[in-house]
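Chains as they are written, first to last, in numbering that gives the first Met the number 0: chain A, 0 to 680; chain B, 0 to 503.
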Amino acid sequence: MTSSLHLWLIPLVPFAGFLVNGLLGRRFPKALVTAIAWIATLIPFLQVLNIALHFSSLTLPYNERVATWITAGNFHADFAFALDQLTLIMLLVVTGVGFLIHLYSAGYMAHEEGYWRFFAYLNLFMFFMLTLVLAENFLLMFVGWEGVGLASYLLIGFYFTKDSAANAGKKAFVVNRIGDFGFLIGMFLLIAHFGTLSFDGIFSQIAQHPEWQGGFLTAIALFLALGATGKSAQIPLYVWLPDAMEGPTPVSALIHAATMVTAGVYMIARAHAIFDRSPFALSTVAIIGAATALFAATIGLVQTDIKRVLAYSTVSQLGYMFLACGVAAYSAGIFHLLTHAFFKALLFLAAGSVIHALSGEQDMRVMGGLRKKIPVTFWTMTAAVFAIAGFPPFAGFFSKDEILYQAFISPNPVGKIVWFVGLLTAGLTSFYMFRLWYLTFFGKSRADQAAAHTPEPGHHAEKEEHKHPVHESPWIMLAPLVILAILSVIGGWVGVPAALGGHNEIEHFLSPVMHAQHLSFEQVSVAMSTQQQAVVPAAEAPEGNKSLELLLAVVSVATALIGWFIAHLMYFAKPELPAQIAAKVRGLYSLLLNKYWIDELYGAVIITPVLFLSRYVLKGLFDTGVITGGGLALGYATQGIGSLVQRVQSGNIRSYAGWLALGAAALLLLTYFGFGTHLSF
Amino acid sequence: MFNDSILSLITFVPTAGAIVVALLPRRGKLIQWFTLLVSLLTFALTLHLPAHFNYGQTGFQFEENHPWIASPNIHYHLGIDGISMWLVVLVGFLGPLAVLASWKAIETRTKEFYFLFLIQQTAMLGVFVALDMFLYYGFWELSLVPMAILIAMFGRQRGPQAAIKFFIFTFLPSALLLVALLWLYAKTGTFDFVLTQQYLAQNGSALAPQALWWVSLAFLAAFAVKVPVFPLHGWLSDVFSEAPTAMAMVVAGKLGLYSIIRFNLGLFPEQSRQIAPLMIALAVIGILYGASIALVQQDLKRFLAFSTVGHLSFCTLGIFCFTVVGLNGAVYQVLNHELSGAAILILFGILYERYGTYDMALYGGMAAKLPRMATLYVITALSLVGLPILNGFVGEFLILSSSFGVHPYWATAATLGVILSAAYMLTMIQKLFYGEQSQLVVNKNVPDIVAREGFALIPAVILMLVLGVASPYWIRAIGGAVDQMANSFAHATMTLLPNVAEKR
Numbered sequence: 000m001t002s003s004l005h006l007w008l009i010p011l012v013p014f015a016g017f018l019v020n021g022l023l024g025r026r027f028p029k030a031l032v033t034a035i036a037w038i039a040t041l042i043p044f045l046q047v048l049n050i051a052l053h054f055s056s057l058t059l060p061y062n063e064r065v066a067t068w069i070t071a072g073n074f075h076a077d078f079a080f081a082l083d084q085l086t087l088i089m090l091l092v093v094t095g096v097g098f099l100i101h102l103y104s105a106g107y108m109a110h111e112e113g114y115w116r117f118f119a120y121l122n123l124f125m126f127f128m129l130t131l132v133l134a135e136n137f138l139l140m141f142v143g144w145e146g147v148g149l150a151s152y153l154l155i156g157f158y159f160t161k162d163s164a165a166n167a168g169k170k171a172f173v174v175n176r177i178g179d180f181g182f183l184i185g186m187f188l189l190i191a192h193f194g195t196l197s198f199d200g201i202f203s204q205i206a207q208h209p210e211w212q213g214g215f216l217t218a219i220a221l222f223l224a225l226g227a228t229g230k231s232a233q234i235p236l237y238v239w240l241p242d243a244m245e246g247p248t249p250v251s252a253l254i255h256a257a258t259m260v261t262a263g264v265y266m267i268a269r270a271h272a273i274f275d276r277s278p279f280a281l282s283t284v285a286i287i288g289a290a291t292a293l294f295a296a297t298i299g300l301v302q303t304d305i306k307r308v309l310a311y312s313t314v315s316q317l318g319y320m321f322l323a324c325g326v327a328a329y330s331a332g333i334f335h336l337l338t339h340a341f342f343k344a345l346l347f348l349a350a351g352s353v354i355h356a357l358s359g360e361q362d363m364r365v366m367g368g369l370r371k372k373i374p375v376t377f378w379t380m381t382a383a384v385f386a387i388a389g390f391p392p393f394a395g396f397f398s399k400d401e402i403l404y405q406a407f408i409s410p411n412p413v414g415k416i417v418w419f420v421g422l423l424t425a426g427l428t429s430f431y432m433f434r435l436w437y438l439t440f441f442g443k444s445r446a447d448q449a450a451a452h453t454p455e456p457g458h459h460a461e462k463e464e465h466k467h468p469v470h471e472s473p474w475i476m477l478a479p480l481v482i483l484a485i486l487s488v489i490g491g492w493v494g495v496p497a498a499l500g501g502h503n504e505i506e507h508f509l510s511p512v513m514h515a516q517h518l519s520f521e522q523v524s525v526a527m528s529t530q531q532q533a534v535v536p537a538a539e540a541p542e543g544n545k546s547l548e549l550l551l552a553v554v555s556v557a558t559a560l561i562g563w564f565i566a567h568l569m570y571f572a573k574p575e576l577p578a579q580i581a582a583k584v585r586g587l588y589s590l591l592l593n594k595y596w597i598d599e600l601y602g603a604v605i606i607t608p609v610l611f612l613s614r615y616v617l618k619g620l621f622d623t624g625v626i627t628g629g630g631l632a633l634g635y636a637t638q639g640i641g642s643l644v645q646r647v648q649s650g651n652i653r654s655y656a657g658w659l660a661l662g663a664a665a666l667l668l669l670t671y672f673g674f675g676t677h678l679s680f
Numbered sequence: 000m001f002n003d004s005i006l007s008l009i010t011f012v013p014t015a016g017a018i019v020v021a022l023l024p025r026r027g028k029l030i031q032w033f034t035l036l037v038s039l040l041t042f043a044l045t046l047h048l049p050a051h052f053n054y055g056q057t058g059f060q061f062e063e064n065h066p067w068i069a070s071p072n073i074h075y076h077l078g079i080d081g082i083s084m085w086l087v088v089l090v091g092f093l094g095p096l097a098v099l100a101s102w103k104a105i106e107t108r109t110k111e112f113y114f115l116f117l118i119q120q121t122a123m124l125g126v127f128v129a130l131d132m133f134l135y136y137g138f139w140e141l142s143l144v145p146m147a148i149l150i151a152m153f154g155r156q157r158g159p160q161a162a163i164k165f166f167i168f169t170f171l172p173s174a175l176l177l178v179a180l181l182w183l184y185a186k187t188g189t190f191d192f193v194l195t196q197q198y199l200a201q202n203g204s205a206l207a208p209q210a211l212w213w214v215s216l217a218f219l220a221a222f223a224v225k226v227p228v229f230p231l232h233g234w235l236s237d238v239f240s241e242a243p244t245a246m247a248m249v250v251a252g253k254l255g256l257y258s259i260i261r262f263n264l265g266l267f268p269e270q271s272r273q274i275a276p277l278m279i280a281l282a283v284i285g286i287l288y289g290a291s292i293a294l295v296q297q298d299l300k301r302f303l304a305f306s307t308v309g310h311l312s313f314c315t316l317g318i319f320c321f322t323v324v325g326l327n328g329a330v331y332q333v334l335n336h337e338l339s340g341a342a343i344l345i346l347f348g349i350l351y352e353r354y355g356t357y358d359m360a361l362y363g364g365m366a367a368k369l370p371r372m373a374t375l376y377v378i379t380a381l382s383l384v385g386l387p388i389l390n391g392f393v394g395e396f397l398i399l400s401s402s403f404g405v406h407p408y409w410a411t412a413a414t415l416g417v418i419l420s421a422a423y424m425l426t427m428i429q430k431l432f433y434g435e436q437s438q439l440v441v442n443k444n445v446p447d448i449v450a451r452e453g454f455a456l457i458p459a460v461i462l463m464l465v466l467g468v469a470s471p472y473w474i475r476a477i478g479g480a481v482d483q484m485a486n487s488f489a490h491a492t493m494t495l496l497p498n499v500a501e502k503r
């Protein structure tokens, strides 16, 4: 037995930071607020690093039960935390990227009102996210799950005086609640069938019953997947994420790119034992992922707001992770989650640096020529662009290729289709990222056109009367950029496939978690401690597949090159081209620009009818008519009777007593005569 | 011994206080301070109960049983179990909050107000501790009278009409209840709850089943109106919008729900079981109906009335699913709802005291101006939408998960309520606090939460968190009482379903 790791401290320290800053931060100087928030994030990061350093000496999975949370009848749920390989990767991402973004935020938010509030919320987010990742049961995971939604709500609505920000926050919360509905039903089904929500309890029961295939496990998997589509912004619930860009940019980087939105992917990977038993649910997840990846990428092609492009890109990349889970390549999905956390956080932070430099401007149409003016931002962002576009040896290449390869060789009938969609999306991704790159950093500055319109309100600068000249961001913002840029370059090297001469370490590292479906947790840990991981067959590609993998890699790099080339042509070599093309395919262009009118569709098909039903049918017609009308009729009737009684009793009796007596008498008589039972006073 | 008279003490300290209030001169804030003191004393006394509650013991505790009237055979019989204990403590806890909430809101006729307020406290406490059903009925009726008078006296605009409505809706079914009680007495020769329960369990089959059925319906009707269960909620929105905060805090929910659990489930398990499908349907409709209308209400008090219908329907659902877990959850949810509902009512009252309107449309953008109030609003709203680690979640989850085991489709429909509740609560928060400041908010300079209001609200908010993370402390006592009910059901040839399906 390993000595206690005190996992509970990891989420609780940020919670303490939240409490201190949230309750007292208003009166603190900014430096103190910053220090508290940083320390509250640094401590968990160091603790996780410490665990990582001693990881090989631990007996895994490691469980830690802190207290009983709910116990009623024979339902039982604990505050219990668990640590395994998957958890460790998530912990490193959340605390590591989280800490970097805390650093960055001190620079980015330096001139904002409500600075303390921002950091309190950010710490609150860390608390919930770490709870989500560390939870040993679905119910505690749901605490984190809903909690990160709350933090997201508060942070999206940070500029709450803006209606658009307040609306976006509410939209995010409510849409996520639709997903949570699925998560809840999934949990109810789990309780009904397993009598517990503990991961260990559920997965070991599944492991003992190889005959359970599909059936109720499909139902559970589909409801959980619905939950995941909410949190991870997949079709049909992705609509909140683009609007969430109303939040400050560091929030977009941390919550809406690197960590929270990946919770759905994490949940599916965590519950893979359930998904593995349901080919139907897996195919559904794969199709949702592929469809979302392509769909969001097409919208990203034409967006002009730099953050919106990145938002749709995030939706699209999360689609890749879903796709990976859907072909049961969970390790590949988590691998992409890891690299995506690096390069997408970097993209957002770099975009934030651009916005910062331009005093709050987010419209790419009035950017341009920034390469020389903000060189550090430019070079770090370049690393991220190459990473997401999928060029070797950048991080995104390895993870995306692993997903595509796994989809291609998957026995799942939809494997080849989702591979093709994924490939197509890779080309589109490359195009829209280089489009962003060229529009922002190359060509001539189009800032003079900015006078024509006011920048998006939100960041502090627009409150300033006159803009300051374009400037590079302070070191506290640049340092995280540089670190993330390095990670965006080398982060993928933990998963170099055998076809390229690597060992795919991350796949091996995760295999005890991902391939444990036939063994209970205890059995795995016993086996691991005795046989040094040999119990799990290494998921190494056989010789014959190496050439296939190499071929697929070449194809996808070629696709990415095509995307780059077209972007180069349209936004660098011949900048007049885009307008001409848009004019030619006006219908299609308008469809993409308006995001397929999905928001409008949801409004017309769901929100308007619900409100109409509530306002006119239920409230207007039914409640006013039937309920109140019925009550009034009853009232008049009784008043009539009451006055009758008053007259009978020569007006002496209080009407209350009159009603009472009359009613009682009537009922006594009714009882007496009606049922022939004898009263014997 | 203290344990032998503690319940009488708790119940009648407010009455003694009321008598003193009647004698006190109307000078300064003397009456307010005195009432606050009395309510704090009552609360302190109620804390004696959990401190000395014997968790291993079944049956009622702290019992007092003295013959009162020989014929008809009426006893002064008090006692509590794990269910009623927390309700008594809850009434004690909410007492001082209600006084603080009325501090400035009630400025005229304070003597009348606080006198009736304290009588109301006695009546409510009496309902929860009385084990003689005649005594119980006395407290039940007594709880209606001060309420009706206070609504009439202190109504916003149409107080008398609302009072009459309240009166009609609640007194008529109470008359039915009285008839049913008398019929039972005629059969059993006792008003004692415990003896009646035993009698019905053993000789129930000897009684005319149809008559028993009507009697149980009379009980249910009286209680369901008081909850209120859909579609008997016609009185609630008028009463909510007219009643002073301190009265609105206690008018719905706990009395009716407790009585259904105690009497309908306790005395008529078989009949309750038969009517359960109807009650479940009404509960689920109530959840969705209340939430839907709350979504489009502009008046804060009416908004809250419909949200209350929705929330209390969760409790009804939990009760009539006949599972151990669900019943635990229902009792817990009663506590949660009373706490959070009281807090939000106080918050609405605070707003009204400052701006003089309950119209949501007139508000906007207050968060920057009144940050402390915004924080309290947000936390309370989150508690009401059932955010995990706050109190509402635990009860809601227990109710929904256990009802899913027996009625999956109804439970699924009820779970849709969590989406709607988030939608209407956050819409309310947004309208009040976010966006541009409205004309009303710009023009009127008002203070943020003051110390007195903080004393009322901060304990409530802390308790929301504590109830959310430390539920075993409360459910321990509730669970004991629920298990005992499940056992007594076994006598009546029926069993409370095991909480979680134990298949395989």
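The beta-carbon is built from N, C-alpha and C at its ideal position, and this holds for glycine as well.
With a threshold of 16 other CB atoms inside 10 Å of the CB of residue i, please say whether the residue is buried or exposed.
i	result
B:ARG451	exposed
A:GLY213	exposed
A:VAL12	buried
Taking 9 Å as the threshold (beta carbon to beta carbon), is residue i in contact with chain B?
i	result
A:ASN166	yes
Quick check on residue i: does DSSP put it in helix, strand or coil?
i	result
B:SER70	coil
A:SER197	strand
B:ARG353	helix
Select from the options the residue whose C-alpha is nearest the C-alpha of residue i.
i	options	result
B:ALA421	B:PRO268, B:LEU383, B:LYS368	B:LEU383
B:MET123	B:ASN202, B:PRO145, B:MET278	B:PRO145
A:TRP239	A:LEU610, A:ARG370, A:ASN166, A:ALA327	A:ASN166
A:GLN361	A:ARG307, A:LEU369, A:GLY325	A:ARG307
A:LEU499	A:PHE127, A:LEU550, A:GLY148, A:ASP598	A:LEU550
B:ASP358	B:PRO208, B:GLN297, B:ARG155	B:GLN297
State yes or no: is the beta carbon of residue i nearer than 9 Å to at least one beta carbon in chain A?
i	result
B:ALA480	no
B:GLN436	yes
B:TYR433	yes
B:TYR288	yes
B:SER291	yes
Given 8 Å, three or more beta-carbon pairs between the segment 161 to 174 of chain A and the segment 386 to 396 of chain B: Taking 8 Å as the limit for Cβ pairs, the verdict is that the segment 386 to 396 of chain B does not touch the segment 161 to 174 of chain A.
Segment contact, 8 Å Cβ cut-off, at least three pairs: the segment 252 to 265 of chain B with the segment 221 to 237 of chain B: Touching, yes, given that three or more Cβ pairs across the two stretches are closer than 8 Å.
Given 8 Å, three or more beta-carbon pairs between the segment 161 to 168 of chain B and the segment 100 to 119 of chain B: No contact exists between the segment 161 to 168 of chain B and the segment 100 to 119 of chain B.
Three CB pairs or more closer than 8 Å across the segment 39 to 57 of chain A and the segment 214 to 221 of chain A: Proximity of the segment 39 to 57 of chain A to the segment 214 to 221 of chain A falls short of the contact definition, fewer than three beta-carbon pairs being nearer than 8 Å.
Given 8 Å, three or more beta-carbon pairs between the segment 124 to 131 of chain A and the segment 250 to 265 of chain A: They touch, by the three-pair rule.
Segment contact, 8 Å Cβ cut-off, at least three pairs: the segment 65 to 84 of chain A with the segment 459 to 479 of chain B: Short answer: they touch.
Cβ contact check for the segment 103 to 118 of chain A and the segment 488 to 495 of chain A: 3 or more pairs under 8 Å: In this structure the segment 103 to 118 of chain A does not lie against the segment 488 to 495 of chain A, because fewer than three pairs of beta carbons, one per stretch, are closer than 8 Å.
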